[in-house]
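For my numbering, count along the sequence shown from 1 and bump the result up by 129.
The C-beta atom is built at its ideal place from N, Cα and C for all residues, glycine as well.
Structure first, commentary second.
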Amino acid sequence: MKCGLERKAMKKIMIAAALALLVPTSVDAAKPVLLEKHGYVVAEPRVGHQYYIKQTGTDLTWNTTRGASDIVIALIDSSADRSHKELYNVPRVVNSMKGPYSVDYHGTHTAGIMSGRHNKFGMAGLAPNVRYHFYNVFYGKNSEYTDSWTVAKAVDTAVAKGANVINMSLGGQDYDRVLADSIRRARAKGVVIVASSGNDGKKKTSFPANMKEVIAVGAIDANRRVAAFSNMDSQVKIVAPGVNVLSLGVKNSFVYMDGTSMAAPMVSSGIALVKSVNPFLTPADIDALLQKMPRASGKTYTELNTKRLIDATPRPVALSAPSTLKSRYVKEAKLTVMKKSNLKTTYTLYQGTRKVKTLSAGKSMFTMYAGGDWLPSGKYRLNATVTDGKHKRSVNRSFTYVNAVKPLVTVRAADAGTFELTTSRKGVVTVLDANKKVVYEALHVPGKFPVRGDTGSAYTVLLKPTDVTEKVVTVKYVPQPVQVETDTSAEST
């Protein structure tokens, strides 16, 4: 049986042979060439064992984003092994809420699912380029337990340190007001909270995942069947792979683990990638986005598909423009900004790296006029940036501008002592008399302006454009001959 590489090579040969039969064979004939997709390539040696990457559609999002550095996921868990080669260079802050920071399999495994570096060493994290804050909340090495007040302290600290998403692969059967209040405060400040539903195989979601302010995550297997251990009820709005999940172990190891604890960080990673595209989405916006995702008939939950989430994510700013513009009054460029009262938008025109002018984001038209002149032909770039003071997102569109306004100067006598000069482009206007003596010289923008002088004499008027790509234009002023009126009437006799 042929291996995958051999089949790919044979396919290329067959396509090339088919093309050869369809095109002329002469030396000068135009021939189509074989093209391939160019996409992000993951070269981690264990990625083939991470079935959940393709099952969640995350591999298809990595051409769009692998995470933005201004997005922070707070992992409230046991201690991740920060010396693991897959975590060593992860941008992270380590915090210990309870006792010493002792490395643990559970925290290391959940951390690896999200943050494992794409470094050709082991496995691929789902959101490798965001920043991470790791919080140890368990009592000691390999401890199974913590308490809700310690977790509440971690939630409050994570919010204060700028977390956008909080992942809690933990839970219990009893409700606690202190932790619940911390979670509500976090959501009110724009933080998305994700928690595992629990591993008791019950039709009851664990606390705090059962709170309406939390995205509860259940577990499925590689065949998309709900795992027997996964707690499932109407509070579970989304499921993700949680069976036979490969991720990191302590001391540079790689291990498989089962649990809703593994499913939750996959959802947190997907939401972090969504927030990387649009950081201005609120928790309510994220909830609405998840609600729009397709679900199987009769199911109250959807299955994580990060590609669909990214495709459905509204872009905070969008900009379109044709590749070539010929009008001085530009109506073809379209700017769209999401409607959020806290967003400030800047809209700018550049020529190369030079800022040409600031445009109005609220107007649909702008002119190619700046610095007192119609802009010269050439390459330009539009930039639109939105910010809420914490996050910033930008979009650029380049175009070629063809300026149809050529340098032109006209002159006419306004009266016996005044000329009226008109220029179409900015430049230095020079007036020479018949002896080539400069009688007037000044820089002018396009428009009409008066010049004092004897309109009964001849002059040469020059316009030297500030646009160095244009040539000097010259016009001659010749006074009109004086018309002498004669009386042709005859005196009668």
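Check                                                                                                                                                                                              : Outcome
For the stretch 279-335, which segments carrying the beta strand (DSSP E) assignment without a break, of at least 3 residues, lie completely within its bounds, in sequence order?                 : 294-297 and 321-325
Which residue from ASN258, ASN218 and TYR169 puts its Cα closest to that of ILE94?                                                                                                                 : The first residue shown for the chain is 130 and the last is 622, placing residue 94 beyond what the model contains.
On a Cα-Cα basis, can you pick out the residue from HIS178, ASP188 and ARG195 that is closest to LEU402?                                                                                           : ARG195
Buried or exposed, going by whether 16 or more other CB atoms sit within 10 Å of the CB of PHE578?                                                                                                 : exposed
Can you tell me the Cα-Cα spacing of ILE400 and ASN532, whole angstroms?                                                                                                                           : 46 angstroms
Which ranges does the alpha helix (DSSP H) cover as unbroken runs of at least 4 residues, wholly within the stretch 164-243, from first to last along the chain?                                   : 180-184
Is the stretch 329-346 in contact with the stretch 234-246, if contact means three or more CB pairs nearer than 8 angstroms?                                                                       : no
If you check the beta carbons only, do THR389 and SER326 fall under 8 angstroms apart?                                                                                                             : yes
Would you kindly work out how many angstroms separate the C-alpha atoms of ARG306 and LEU375, rounded to a whole number?                                                                           : 35 angstroms
Is it true that the CB of VAL321 sits closer than 8 angstroms to the CB of PRO412?                                                                                                                 : yes
If you draw a straight line from the C-alpha of ASN352 to the C-alpha of ALA425, how long is it?                                                                                                   : 14 angstroms
Per the contact definition of three or more C-beta pairs closer than 8 angstroms, is the stretch 363-373 in contact with the stretch 221-228?                                                      : no
Among ASN248, PHE267, HIS262 and MET252, which one has its Cα closest to the Cα of VAL232?                                                                                                         : PHE267
Comparing alpha-carbon positions, which option in VAL540, THR514 and VAL557 lies nearest GLU100?                                                                                                   : Beyond the ends of the chain as shown, which are 130 and 622, falls residue 100; an answer cannot be given.
With 16 other CB atoms within 10 Å as the buried threshold, where does GLN184 fall?                                                                                                                : buried
Considering Cα atoms alone, identify which of ASP562, ASP303 and VAL574 is closest to SER586.                                                                                                      : ASP562
What does DSSP give as the partner residue(s) for GLY507 in the beta ladder?                                                                                                                       : TYR530
Measuring alpha carbon to alpha carbon, tell me which of GLY556, ASN525, TYR217 and ASP199 ends up nearest LYS537.                                                                                 : It should be pointed out that residue 537 corresponds to Leu in this sequence rather than to Lys. The shortest Cα separation from LEU537 among GLY556, ASN525, TYR217 and ASP199 belongs to GLY556.
Is PRO610 helix, strand or coil when you go by DSSP?                                                                                                                                               : coil
Which value, in whole angstroms, describes the spacing of the CA atoms of THR595 and PRO445?                                                                                                       : 39 angstroms
For THR435, which three-state DSSP category applies?                                                                                                                                               : helix
Could you tell me the alpha carbon to alpha carbon distance between ARG211 and LEU464, rounded to whole angstroms?                                                                                 : 44 angstroms
Cβ atoms of VAL515 and ARG457: under 8 angstroms apart, would you say?                                                                                                                             : no
Could you tell me which uninterrupted beta strand (DSSP E) segments, each at least 3 residues in length, are contained entirely in the stretch 431-502, listed from first to last along the chain? : 446-449, 463-466, 473-480 and 483-488
Please classify ALA545 as buried or exposed, where buried requires at least 16 neighbouring CB atoms within 10 angstroms.                                                                          : exposed
For ALA571, which residues does DSSP report across the bridge?                                                                                                                                     : VAL558
Can you tell me the Cα-Cα spacing of ILE205 and ALA392, whole angstroms?                                                                                                                           : 15 angstroms
Just to confirm, is the Cβ distance from ALA369 to ILE349 under 8 angstroms?                                                                                                                       : yes
To the nearest angstrom, how far is it from the Cα of ASN339 to the Cα of THR275?                                                                                                                  : 18 angstroms
With DSSP as the reference, label MET395 as helix, strand or coil.                                                                                                                                 : helix
With distance defined between alpha-carbon atoms, name the residue in VAL597, LYS600 and TYR606 nearest to VAL580.                                                                                 : TYR606
Which residues in the same chain as LYS421 place their Cβ atom closer than 8 angstroms to its Cβ, once the five residues preceding and following it in sequence are excluded?                      : ALA441
Taking all protein chains shown into account, do 16 or more other C-beta atoms lie within 10 angstroms of the C-beta of VAL288, making it buried, or fewer, making it exposed?                     : buried
In three-state DSSP terms, what is VAL604?                                                                                                                                                         : strand
Tell me, to the nearest whole angstrom, how far the beta carbon of GLY371 is from that of PHE336; I am working on the premise that it is less than 8 angstroms.                                    : That belief does not hold up - the Cβ atoms of GLY371 and PHE336 are roughly 19 angstroms apart, past 8 angstroms.
What residue range does the beta strand (DSSP E) around PRO370 cover?                                                                                                                              : 365-370
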